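Report on the following structure.
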Amino acid sequence: LIKLLHDSINRMPELLDAKSHIRLADIVHTLLKLGSFDPITICCCGIQNYFQKLLPYTNWSDEQLRPALNHLLRRIDRMFIKICKKQITKRCFDWEATAGILNGIYLTIDRHPYIAYFPNLKALISGCIALILNENLTDSNHSVPCLNVLIFPKEFSRSVIKLVGRYLLAINVSK
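Here it is as structure tokens:
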């Protein structure tokens, strides 16, 4: 069985066709939209399983599937932007569950380095870097001094650093 998995001649058939993948991506996209208002949605096992178990093993070289992945990456980037606009939303958000999503994207880049050139992935990576670097900045709108408390758990920061490193490796390998 292991020999069959690694043999390029005998590939396992895709369980889901392109239409099914696109439909699943639409459902996940909708759940990610809700995630910026409802932190519980992000940690549901459906989203986590999609990003960690299905996304890395999908054949993203298929041209029909690429828009679905780009759409999801853009939604995650927008979700981060929306969440970080308000300090209270940023504090209440489930960043550990988001680390699981970023880990799934890391695994996807690891298996399919060519997706590193997707424009929405580059925007997501830049947004994640900005999130981590601007973590301790205080809002100038508040006259009351804020405590300089770390908002992101170590797991999220680790996932971002790991994702950025894998992204840079994928770009260097693909050149």
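The opening position of the sequence shown corresponds to residue 1 in the working numbering, with each subsequent residue numbered one higher. Glycine residues also receive a C-beta, built at the ideal position from the N, C-alpha and C atoms. All of these numbers come straight from a predicted model, not from anything done at the bench.
In the structure shown, L16 adopts coil according to DSSP, grouped into three states. C128 carries a helical assignment under DSSP once its states are collapsed to helix, strand and coil.
Boundaries for Q64: no alpha helix (DSSP H) harbours it, and the DSSP string shows neither H nor E there. When rounded, the separation of the alpha-carbon atoms in K154 and A99 is 10 Å. For K90, the uninterrupted alpha helix (DSSP H) run begins and ends at 87-92, by DSSP. Contact check between the segment 57-74 and the segment 111-123: three or more CB pairs, one atom from each, fall below 8 Å, which counts as touching. For G127, the closest C-alpha among the options V164, L31, R91, A97 is that of V164. Ranking I109, I105, C45, Q52 by CA distance to the CA of V173 puts I109 first.
Note that the C-beta distance between I47 and V28 is below 8 Å. Membership of L102 in the alpha helix (DSSP H) is indicated by the continuous run 95-111. According to the DSSP assignment, C45 belongs to the alpha helix (DSSP H) that extends over 45-49. The Cβ atoms of L131 and F80 lie closer than 8 Å to each other. If you ignore the 5 residues before and after F51, its C-beta comes within less than 6 Å of the C-beta of I101, G104, all in its own chain and listed in chain order.
Counting the other CB atoms within 10 Å of its CB gives S20 a total below 16, which places it among the exposed residues. The Cβ-Cβ distance between L124 and D77 falls below 8 Å.
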